[in-house]
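Single-structure report; data block below.
Residue numbers (full-length UniProt numbering): 1 to 348.
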């Protein structure tokens, strides 16, 4: 939730937005500023003094109002300026690591109200955003672009390595010699790609209109990785029957919350799927249920996969099935059975 709150705040502050224009004017004027993005009752009750009004937001006007010592309060959507020159009086019980008065007020106000707060430092000429319990300093677009291009190169390398590992695993699955090590290797690279993409997405959000090409490149590199992770989990999570959506969801959540340091730990990854976690068991053979293979057949939806896996249990059994056998599964018509049969033959 905190990441979503910060992401939403950065979207509103991206280059090309009116609010970012106003902040840049404040920086150029070296006056500093304190801006609250939201004017709900939780904000009003900690405002002391100042001027209350209701006027349309304009970047030059924001800069002029910030010449006064107090904070400026905007409406929740940022389209109106509702207060200026107000003193923010948040509770001192909220912890803060900041030393400056303006930044301490900003962090505590954000924690108490749940609203994003922006602090522009006059002496350091920096812009700091407090949202969702996090602190983020805005960088210059040129600095961000350089960092984002480096991150994109990292994503490209992860994608290449994942594609190679994924191909090796798929060949092993279709020929019935996949091992625990093969599965964990693909899962590890999928999660590394996912986290690299998430990190880069935040930079793209912060760059705004300057990152259109980066966004397109990232989307192409990411592909359908989240779906691929889910299919791998459905194929290999240790359950006595076809895994339920709840079991898969819990496993995916556990993988998402693994620390970065644990991604390289095969034992930690194996434990999330209930697979053998000892090093000596990495060469143990595993038989997939068939979700990954069925997902490669065009237009086959998950509910059809569930029905087929429920009947046949394993990928080898599905590959051996004839069209009339496949059509014995619920909701699998003869046309779907022929389509799936031919699709799997082409893959093999």
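The C-beta atom is built at its ideal place from N, Cα and C for all residues, glycine as well. Values in this document were obtained by computation on a predicted structure and should not be read as measured data.
Rounding to the nearest angstrom, what Cα-Cα distance links residue i and residue j in this structure?
i, j, result
"residue 193", "residue 225", "8 Å"
"residue 161", "residue 277", "23 Å"
"residue 1", "residue 113", "Low local confidence applies: a pLDDT of 48 at residue 1 is under 50, so the model's placement there is unreliable, with the coordinate-based value given in what follows. Answer to the nearest angstrom: the Cα atoms are 15 Å apart."
"residue 140", "residue 23", "12 Å"
"residue 254", "residue 49", "48 Å"
"residue 124", "residue 152", "30 Å"
"residue 216", "residue 166", "23 Å"
"residue 41", "residue 132", "18 Å"
"residue 143", "residue 213", "17 Å"
"residue 337", "residue 326", "5 Å"
"residue 183", "residue 342", "26 Å"
"residue 301", "residue 289", "16 Å"
"residue 240", "residue 108", "50 Å"
"residue 7", "residue 221", "21 Å"
"residue 164", "residue 101", "53 Å"
"residue 197", "residue 262", "18 Å"
"residue 347", "residue 306", "20 Å"
"residue 52", "residue 88", "14 Å"
"residue 66", "residue 119", "11 Å"
"residue 294", "residue 318", "9 Å"
"residue 270", "residue 96", "39 Å"
"residue 190", "residue 122", "44 Å"
"residue 79", "residue 110", "20 Å"
"residue 292", "residue 235", "7 Å"
"residue 176", "residue 9", "49 Å"
"residue 180", "residue 287", "10 Å"
"residue 62", "residue 20", "11 Å"
"residue 94", "residue 242", "48 Å"
"residue 105", "residue 90", "7 Å"
"residue 204", "residue 39", "28 Å"
"residue 83", "residue 268", "52 Å"
"residue 344", "residue 98", "60 Å"
Can you say whether residue i is buried or exposed, counting buried as having 16 or more other CB atoms within 10 angstroms of its CB?
i, result
"residue 333", "exposed"
"residue 231", "buried"
"residue 149", "exposed"
"residue 331", "exposed"
"residue 173", "buried"
"residue 425", "Look at the range of the chain in this structure, 1 to 348, and you will see that residue 425 is not part of it."
"residue 228", "buried"
"residue 285", "exposed"
"residue 264", "exposed"
"residue 185", "buried"
"residue 171", "exposed"
"residue 26", "buried"
"residue 60", "exposed"
"residue 283", "exposed"
"residue 11", "exposed"
"residue 238", "exposed"
"residue 187", "buried"
"residue 55", "exposed"
Under a three-way DSSP split, which group does residue i fall into?
i, result
"residue 83", "strand"
"residue 296", "coil"
"residue 248", "helix"
"residue 1", "Low confidence applies here, because residue 1 scores a pLDDT of 48, under 50, leaving its location unreliable; read the following figure in that light. DSSP places residue 1 in coil when its eight states are reduced to three."
"residue 265", "coil"
"residue 258", "coil"
"residue 242", "coil"
"residue 165", "helix"
"residue 153", "helix"
Any C-beta of chain D sitting closer than 8 Å to the C-beta of residue i?
i, result
"residue 98", "Given the protein chain composition of this structure (a single chain), no chain D is represented."
Exercise for the section: State whether the segment 206 to 220 contacts the segment 4 to 24, with contact taken as three or more CB pairs (one from each stretch) at a distance under 8 Å. Expected result: yes
Problem - Ordered list of alpha helix (DSSP H) runs contained in the segment 171 to 227, each at least 4 residues - result: 180 to 207 and 212 to 222
Exercise for the section: Check whether the segment 309 to 324 touches the segment 268 to 283, counting contact only when three or more Cβ pairs, one atom from each stretch, lie closer than 8 Å. Expected result: no
Problem - Contiguous alpha helix (DSSP H) assignments of at least 4 residues, all confined to the UniProt domain "DAC" (3 to 141) - result: 18 to 29, 41 to 44, 59 to 65 and 101 to 113
Handout entry: alpha helix (DSSP H) segments (min. 4 residues) lying fully within the segment 274 to 346
Key = 291 to 295, 302 to 312, 315 to 320 and 323 to 326
Practice task
Would you be able to state if there are at least three C-beta pairs under 8 Å between the segment 61 to 76 and the segment 30 to 38?
Solution key: yes
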